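Undergrad: So the number in our numbering is just where the residue sits in the sequence shown, counting from 1, plus 316.
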Amino acid sequence: MAARVTSDRLVGRDAELSELRAALSAAAAGRPSLVLLAGESGVGKTRLLGELSRGAREERALVLCGDSIELGDGELPYAPLVSALRPLVRDGDDVFDELSPGAREALARLLPGLPGGGALVPAQDAAAQAHLFEAVLDLLDALGGRRPVLLILEDVHWADRSTRAFLAFLGRSLGAERVLAVASYRRWEDNERALRLGEPLPGGGPPWLLSAGIAAVALVVLVVLAVDALS
Ligand SMILES: Nc1ncnc2c1ncn2[C@@H]1O[C@H](COP(=O)(O)OP(=O)(O)O)[C@@H](O)[C@H]1O
Ligand SMILES: [Mg+2]
Numbered sequence: 317m318a319a320r321v322t323s324d325r326l327v328g329r330d331a332e333l334s335e336l337r338a339a340l341s342a343a344a345a346g347r348p349s350l351v352l353l354a355g356e357s358g359v360g361k362t363r364l365l366g367e368l369s370r371g372a373r374e375e376r377a378l379v380l381c382g383d384s385i386e387l388g389d390g391e392l393p394y395a396p397l398v399s400a401l402r403p404l405v406r407d408g409d410d411v412f413d414e415l416s417p418g419a420r421e422a423l424a425r426l427l428p429g430l431p432g433g434g435a436l437v438p439a440q441d442a443a444a445q446a447h448l449f450e451a452v453l454d455l456l457d458a459l460g461g462r463r464p465v466l467l468i469l470e471d472v473h474w475a476d477r478s479t480r481a482f483l484a485f486l487g488r489s490l491g492a493e494r495v496l497a498v499a500s501y502r503r504w505e506d507n508e509r510a511l512r513l514g515e516p517l518p519g520g521g522p523p524w525l526l527s528a529g530i531a532a533v534a535l536v537v538l539v540v541l542a543v544d545a546l547s
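Here you go:
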């Protein structure tokens, strides 16, 4: 009989799920981190993150999730970050009132619908980009003051340069915010893209992140489950 490849029940992945849950508990206690979830297409990244999110919501954490879209190298800046943060604007979350006017103004450029929006920050404007990243960090900090935050950015092997720069910034800058950030990616496709762009290929995490000087990100690698785990 053919092995089932999908199941209503999450099969296996106990170790990975507990690692992620532990990172979320640590974040809730003020020890944030950025976790990279690596694995090839179909191996179960989204499913695992769905399970993590379900548990997080049950424990009253805020779950924000954005997908990267495959656009080749024609880039839509910050796409996954914008889709992760958009519900806050849509729901009229008053967290924005807690931010400084400067941070609000920077965020309004990212999130249409917030009052005061202007042109999106161009990727090559380093000062404006740094200002925007600080504003997002302020926002995450303010959100975390209310309840722990799980920020998921999916399929970042497709992410635009600006999103990647943001992840690198998060990896460097998270301090005591009550935030767990998880970025999922397909390692093989990421390496392919790096080769195309002439980036170096280290063994551990994605090249674009490691080359940004990030030392301390956690890496969880999913591999194909053994068939007997699925029966
Ligand atoms: N641990 C698991 N237990 C049961 N079903 C799984 C498991 N992991 C993945 N699946 C199923 O396999 C399919 C592909 O998984 P998915 O999470 O979408 O992969 P990825 O996001 O890595 O591309 C989905 O139908 C999903 O529900
Ligand atoms: Mg997926």
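Each residue gets a CB set at the ideal place from its N, CA and C atoms; glycine is no exception. Every value quoted in this text rests on a predicted model; they were computed, and no experiment measured them.
Do the CB positions of leucine 352 and leucine 380 come within less than 8 Å of each other?
TA: no
Undergrad: Could you have a look at glycine 360 and say whether DSSP puts it in helix, strand or coil?
TA: coil
Undergrad: Do you know offhand how far leucine 333's Cα is from glycine 382's?
TA: 20 Å
Undergrad: Sorted by chain position, which residues of the same chain lie with C-beta nearer than 6 Å to glutamate 505's C-beta, five sequence neighbours on each side aside?
TA: His473
Undergrad: Whole angstroms is fine: what's the gap from glycine 429's alpha carbon to alanine 342's?
TA: Straight-line Cα distance between these residues: approximately 33 Å.
Undergrad: Where leucine 392 and alanine 354 are concerned, what is the direct C-alpha to C-alpha distance, given to the nearest angstrom?
TA: 23 Å
Undergrad: Grab me the residues of serine 489's own chain with a C-beta within less than 7 Å of its C-beta, minus the 5 sequence neighbours each way, in chain order.
TA: Leu453
Undergrad: Taking the alpha carbon of arginine 503 as the point to measure from, which residue in Gly487, Pro464, Val539 has its own alpha carbon closest?
TA: The option with the nearest alpha carbon to arginine 503 is Val539.
Undergrad: Helix, strand or coil, according to DSSP, for glutamate 470 in the structure here?
TA: strand
Undergrad: Going along the chain, which residues of its own chain have a beta-carbon closer than 7 Å to the beta-carbon of leucine 486, five neighbours each way excluded?
TA: Leu350, Ala497
Undergrad: Per the DSSP calculation, glycine 346 is bridged to which residue(s)?
TA: Listed as beta-bridge partners of glycine 346 by DSSP are no residues whatsoever.
Undergrad: For valine 492, list the residues DSSP reports as bridge partners.
TA: The sequence as given places alanine at residue 492; valine does not occur at that position. BP columns for alanine 492 are empty, so no partner.
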